[in-house]
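> Counting along the sequence shown from 1, when you hit position 118 you're at 178 in our numbering, and nothing is skipped either side.
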Amino acid sequence: HLRDVVPDERRLWERMIRSETLPNIRSWLTNLLETARRKAGERSSSRTAAIVRDIRKILDTEYAGIQEIAQVTDRLYISVRYANSIFRKETGITIGDYLFQQRMRAAKRLLADPYCRIGEVSEQVGYGSPSYFTSVFREHTGMTPREYRETHCGQASG
61 HLRDVVPDER RLWERMIRSE TLPNIRSWLT NLLETARRKA GERSSSRTAA IVRDIRKILD
121 TEYAGIQEIA QVTDRLYISV RYANSIFRKE TGITIGDYLF QQRMRAAKRL LADPYCRIGE
181 VSEQVGYGSP SYFTSVFREH TGMTPREYRE THCGQASG
């Protein structure tokens, strides 16, 4: 909006009339347009930061129930493609990678509990199949959930 850059429109026209030469008008308009571009960028940046914050909030709390990214983006009324684009620009990783990281962090926390079976851990972090969870966990950490528990938690259980 013009009012974001020049709050008083009357002053805008007075300034233009006072600029006597074409180079003065050109310079003044260039500065005005640069200010408008900067303000638009600030507004856009704060909007994308808010979207990324909302995506993270959903993933941080609901990681176990999310089977596809559209479950998140549909709630925010944006496309998966757009969401991934701004998320990657802000964080350096995709939404899917962030979801995976959240699941692995949660799995490691749950594995610290010797009474929590590996099948329960798998289910609680969003993997229906314990064998698939084990293979994904091994790929991520270099060890099975049982080995991770034994090495990092001093417990053998499962």
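Using N, Cα and C, we set each Cβ at its ideal position, and we do this for glycine too.
1) Tell me, to the nearest whole angstrom, how far the beta carbon of I208 is from that of L171; I am working on the premise that it is less than 8 Å.
2) Can we say the segment 139 to 159 touches the segment 106 to 121, given the rule of at least three CB pairs closer than 8 Å?
3) What first and last residue would you give for the alpha helix (DSSP H) that runs through A201?
4) Applying the criterion that 16 or more other CB atoms from any shown protein chain within 10 Å of the CB defines a buried residue, is T95 buried or exposed?
5) Suppose you measure from the CA of R135 to the CA of Y175; what does that come to, to the nearest Å?
6) I need the straight-line Cα distance from L89 to R107, nearest angstrom please.
7) Is it right to say Q131 is buried, meaning 16 or more other beta carbons lie within 10 angstroms of its own, or is it exposed?
8) Under DSSP, the alpha helix (DSSP H) around E207 begins and ends at which residues?
9) With a Cβ-Cβ cutoff of 8 Å, do A167 and Y123 count as a contact?
10) Along the chain, where does the alpha helix (DSSP H) containing D173 start, and where does it finish?
11) Within 10 Å of its beta-carbon, does S105 have 16 or more other beta-carbons around it, so buried, or fewer, so exposed?
According to the structure data:
1) Note on identity: in this sequence residue 208 is Tyr, with Ile being the wrong assignment. Between L171 and Y208 the Cβ distance is about 6 Å, and since that is below 8 Å, they are a contact.
2) yes
3) Correcting the residue type first, residue 201 is Thr in the shown sequence and not Ala. Here the alpha helix (DSSP H) through T201 covers 190 to 201.
4) exposed
5) For R135 and Y175, the distance between alpha carbons rounds to 36 Å.
6) 27 Å
7) exposed
8) 205 to 208
9) Going by beta carbons, A167 and Y123 fall outside the 8 Å limit.
10) Looking at the DSSP string, D173 is not in any alpha helix (DSSP H), and its letter there is neither H nor E.
11) exposed
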